[in-house]
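See below for the structure under consideration.
Number of protein chains: 2
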Amino acid sequence: MRIEILVFPGVDELDVLGPFEVFRGAEEAGADIRTQLVSLDGDQHIKASYGLTFDVDGAVGSDGRADLLVIPGGGWVKRATHGAWAEFHRGLIPAAILDAHRSGTILASVCTGAMLIAAAGLLRNRSATTHHAAIEELRASGAEIVSARIVDDGDIITAGGVTSGIDLALYIVERFVGKDMADGIASNLEHERRGPIHVSSSARRSDETRIVS
Amino acid sequence: MRIEILVFPGVDELDVLGPFEVFRGAEEAGADIRTQLVSLDGDQHIKASYGLTFDVDGAVGSDGRADLLVIPGGGWVKRATHGAWAEFHRGLIPAAILDAHRSGTILASVCTGAMLIAAAGLLRNRSATTHHAAIEELRASGAEIVSARIVDDGDIITAGGVTSGIDLALYIVERFVGKDMADGIASNLEHERRGPIHVSSSARRSDETRIVS
Numbered sequence: 001m002r003i004e005i006l007v008f009p010g011v012d013e014l015d016v017l018g019p020f021e022v023f024r025g026a027e028e029a030g031a032d033i034r035t036q037l038v039s040l041d042g043d044q045h046i047k048a049s050y051g052l053t054f055d056v057d058g059a060v061g062s063d064g065r066a067d068l069l070v071i072p073g074g075g076w077v078k079r080a081t082h083g084a085w086a087e088f089h090r091g092l093i094p095a096a097i098l099d100a101h102r103s104g105t106i107l108a109s110v111c112t113g114a115m116l117i118a119a120a121g122l123l124r125n126r127s128a129t130t131h132h133a134a135i136e137e138l139r140a141s142g143a144e145i146v147s148a149r150i151v152d153d154g155d156i157i158t159a160g161g162v163t164s165g166i167d168l169a170l171y172i173v174e175r176f177v178g179k180d181m182a183d184g185i186a187s188n189l190e191h192e193r194r195g196p197i198h199v200s201s202s203a204r205r206s207d208e209t210r211i212v213s
Numbered sequence: 001m002r003i004e005i006l007v008f009p010g011v012d013e014l015d016v017l018g019p020f021e022v023f024r025g026a027e028e029a030g031a032d033i034r035t036q037l038v039s040l041d042g043d044q045h046i047k048a049s050y051g052l053t054f055d056v057d058g059a060v061g062s063d064g065r066a067d068l069l070v071i072p073g074g075g076w077v078k079r080a081t082h083g084a085w086a087e088f089h090r091g092l093i094p095a096a097i098l099d100a101h102r103s104g105t106i107l108a109s110v111c112t113g114a115m116l117i118a119a120a121g122l123l124r125n126r127s128a129t130t131h132h133a134a135i136e137e138l139r140a141s142g143a144e145i146v147s148a149r150i151v152d153d154g155d156i157i158t159a160g161g162v163t164s165g166i167d168l169a170l171y172i173v174e175r176f177v178g179k180d181m182a183d184g185i186a187s188n189l190e191h192e193r194r195g196p197i198h199v200s201s202s203a204r205r206s207d208e209t210r211i212v213s
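Top to bottom, those sequences are chains P and W.
Counting from 1, position 103 in the first sequence corresponds to residue 103 in our numbering; the numbering is continuous, with no gaps.
Counting from 1, position 35 in the second sequence corresponds to residue 35 in our numbering; the numbering is continuous, with no gaps.
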């Protein structure tokens, strides 16, 4: 299972690194998962919301279609010059998200990353959540807001704010690898998993997304 | 209040970024806190335990004595060539920690960062904790193990594994800035604060460490 985490200037550090450490931890523990940090154009350095500057592995999709694309948020509420709000209006990342979704990639957002999926027009009449401070904006995009930490709507999975990214990634490991693996990683992180997790009935009917058994 | 987070090759990503985002968040919210990522020699790039490569702001202590030095862990259990176990045996970081402590800097460890404070000889007969997989090694160093997520022993504060670093940093913000600030940051992170927090009686008697009022 190939996972890409799509980063951009002003992205929230923990939105990125929570899922990153969970997925790389699963890989170290033997899961058939490969996780990369990717940017839109393959920019090599990204300066995140709180000032961390870090390296990126390449451009989104440059190794072919990913099975799962993680979309973090950051800087939304403060309307930062760099961040999810800026990318919502610039439109290039939403376009890349739309392309990925059309080619069959599962989308998973952390925090206000959901607004970037909404900007791609993909959350209309779909169950979703986001950071509590952006809920009304997500609703205005046409999404059906669910009061849960993680909302699994099949090919689009959304999560609440920042630290919910850890629970999102553990849920994804549980869904695609198994519960023992997810619980083992949570224990290693000394993280008490939190919900609620909402799984849409359409998502429950679908089995084709169980990529890793 | 000047905070340095001491990073090294193989350091755990979330051990570093949890406290980093909490402290920088407090700074953005108006607290008189300045937080920097520092390395022993001022190396500009650090490759962390799960492969993240990130930039460092400078060398430990290069801007003068910090009020608080955060010591993350990483790679201990797997005896990684780079990480806390390697630094424990190399001895240079423990020596820098000892220097900082002698000059009056408060120490705060996340995860197996406690083993680096132990290597400096500073945890003998002191209340402390660490990642659950390193508890017996910490006990063997002479520390009095306390079963808590955070152990405040006054000028040395230790925390459990990985995600406990978020709770540690929130506790530090609460201790030195105030509870409202800490709760506001936790809410922004959608993080449910977790304990138990153990405060040693000697720490409770001391007020001189309340740097920011």
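Virtual Cβ for every residue (Gly too), placed ideally from N, Cα, C.
Chain P contact for residue i (CB, 8 angstroms cutoff)
i        : result
W:Asp207 : The predicted position of W:Asp207 is uncertain, since its pLDDT is 41 and thus under 50; a value taken from the coordinates is nonetheless stated next. It does not; no Cβ of chain P falls within 8 angstroms.
W:His82  : no
W:Asp32  : no
W:Arg194 : yes
W:Arg210 : Confidence is the limiting factor: at W:Arg210 the pLDDT is only 42, short of 50, which leaves the residue's position unreliable, though a coordinate-based value still follows. False, the Cβ-Cβ gap to chain P never drops below 8 angstroms.
W:Glu136 : no
W:Phe54  : yes
W:Gly178 : no
W:Leu122 : no
W:Gly184 : no
W:Gly51  : yes
W:Ser202 : no
Listed by chain order, chain P residues near residue i by CB distance under 9 angstroms
i        : result
W:Tyr171 : Per Cβ cutoff of 9 angstroms: no residues; W:Tyr171 is ~15 angstroms from chain P at best.
W:Gly74  : Correct list: empty, because the minimum Cβ distance to chain P is about 10 angstroms.
Contact under 8 angstroms by Cβ, residue i with residue j
i        : j        : result
W:Ile150 : W:Asp167 : yes
W:Ala148 : W:Thr130 : no
W:Asp152 : W:Ser200 : yes
W:Gly296 : W:His82  : As shown, chain W starts at 1 and ends at 213. That puts residue 296 of chain W outside it, with no answer to give.
P:Thr35  : P:Glu28  : no
W:Leu107 : W:Leu69  : yes
P:Thr112 : P:Leu14  : no
P:Gly18  : P:Ala169 : yes
W:Leu53  : P:Asp55  : According to the sequence displayed, residue 53 of chain W carries Thr and not Leu. Contact flag set, yes.
P:Ile185 : P:Leu116 : no
P:Glu87  : P:Phe20  : no
P:Ala95  : P:Thr158 : no
C-beta neighbour in chain W for residue i, strict 8 angstroms
i        : result
P:Asp43  : no
P:Ile166 : yes
P:Ser213 : Because the pLDDT of P:Ser213 is 32, which lies under 50, any placement of that residue in the model is unreliable, and the number read from its coordinates should be weighed accordingly. Chain W contact via Cβ: absent.
P:Leu68  : no
P:His131 : yes
P:Arg24  : yes
P:His198 : no
P:Gly104 : no
Proximal residues of chain P, C-beta to C-beta of residue i below 8 angstroms
i       : result
W:Gly13 : The amino acid occupying residue 13 of chain W in the given sequence is Glu; Gly does not appear at that position. Under the 8 angstroms cutoff, chain P gives Leu17, Phe20 and Glu21.
Residue i versus residue j - alpha carbon distance
i        : j        : result
W:Lys179 : W:Leu6   : 26 angstroms
W:Ile135 : W:Gln44  : 32 angstroms
W:Val212 : W:Asp32  : Only weak support is given to the placement of W:Val212: the predicted model assigns it a pLDDT of 38, under 50, and the value that follows is read from those uncertain coordinates. Roughly 7 angstroms between the two C-alpha positions.
W:Gly142 : W:Ala119 : 11 angstroms
W:Ile197 : W:Arg175 : 12 angstroms
P:Arg102 : P:Ala80  : 29 angstroms
W:Ser109 : P:Glu4   : 31 angstroms
W:Ile97  : W:Tyr50  : 24 angstroms
W:Ala59  : P:Ile156 : 43 angstroms
W:Gly74  : W:Gly42  : 19 angstroms
P:Asp63  : W:Gly91  : 41 angstroms
W:Asn125 : W:Gly165 : 23 angstroms
P:Met1   : W:Leu40  : 37 angstroms
W:Ser202 : W:Trp85  : 30 angstroms
Residues sharing a beta bridge with residue i, DSSP
i        : result
P:Arg2   : P:Arg34
W:Ile156 : W:Leu107
W:Ile150 : W:Ala159 and W:Ile197
P:Gly58  : P:Val38
W:Lys179 : In the DSSP output, where bridge partners are listed per residue, W:Lys179 has none listed.
P:His101 : DSSP lists no partner for P:His101.
P:Ser127 : P:Glu144
W:Lys78  : W:Lys78 is not bridged to any residue.
W:Gly185 : The sequence as given places Ile at residue 185 of chain W; Gly does not occur at that position. Beta-bridge pairing links W:Ile185 to no other residue.
W:Ser71  : Looking at the sequence provided, one finds Ile at residue 71 of chain W rather than Ser. Answer by DSSP bridge pairing, in chain order: W:Ser109.
Closer than 7 angstroms at the beta carbon, the chain P residues around residue i
i        : result
W:Val151 : Under the 7 angstroms cutoff, chain P gives no residues; its nearest Cβ is about 14 angstroms from W:Val151.
Under 8 angstroms from the C-beta of residue i: neighbouring residues of chain W
i        : result
P:Leu189 : Leu14, Gly161, Val162 and Thr163
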